[in-house]
Each structure stands twice: as structure tokens, then as C-alpha cells.
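Asker:
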């Protein structure tokens with residue numbers, strides 16, 4: 001979403017986080033680890049991928065993105081690094 005600050009007229013982005021989103025994400029990750037990973041491994045025995053680690057890394061990144069303060073700080077650091 002977009003908005004305009006009344007005080008400065010600056011256009012800003014609005015991010016809305018729905019109630020319960022973290023518990024929904026946690027359930028999704030749990031299901032991926034307990035159901036999909038073993039199923040994939042059963043039918044793809046030759047796969048050379050550590051799917052549990054892959055799901056965990058993806059989940060960590062996804063959960064971190066739900067913390068908008070961390071995301072804002074990372075964005076600020078990225079912008080500073082690009083300006084240097």
C-alpha cells in the first residue's frame with residue numbers, strides 16, 4: 001500500500017501484517033519439514049539436496065522478513081552500502 005505523510009508530503013510504503021501470520025508460517029514450515037521433505041526424498045532417492053536445511057534457511061529468512069523493524073534496518077544498511 002502507499003500513503004502520503006501529512007507533515008512532509010513524502011510518499012511512503014505501508015506494509016500490513018495480518019493477525020496470526022507468524023503461527024500460520026510456523027505451521028506451514030512444520031508441514032514442509034514433516035510431510036513434504038520425506039515424501040520428496042522417497043520419490044527422488046538420487047536427489048543430492050539437504051532439503052531440511054533448505055526449508056530451515058528459507059523459513060528463517062521468511063520469518064525475519066515478518067519483523068518489519070529488522071527489514072527496515074537491513075534496507076537502510078543496503079542503501080548506505082550502495083551509496084559508498
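Numbering (our numbering), first residue to last: 1 to 84.
Cβ atoms here follow ideal geometry from the backbone N, Cα and C, with glycine treated the same way.
1) How is residue 16 classed by DSSP in three states: helix, strand or coil?
2) According to DSSP, simplified to helix, strand and coil, what is residue 84?
3) Of all the alpha helix (DSSP H) runs that stay within the bounds of the region 33–72, which reach a length of 4 or more residues?
4) Which of helix, strand or coil does DSSP assign to residue 75?
5) Would you mind working out which of 82, 20, 3 and 29 sits nearest residue 12, comparing C-alpha positions?
6) Which value, in whole angstroms, describes the spacing of the CA atoms of residue 18 and residue 53?
Answerer: For this structure:
1) coil
2) coil
3) 37–43 and 51–65
4) helix
5) 3
6) 27 Å
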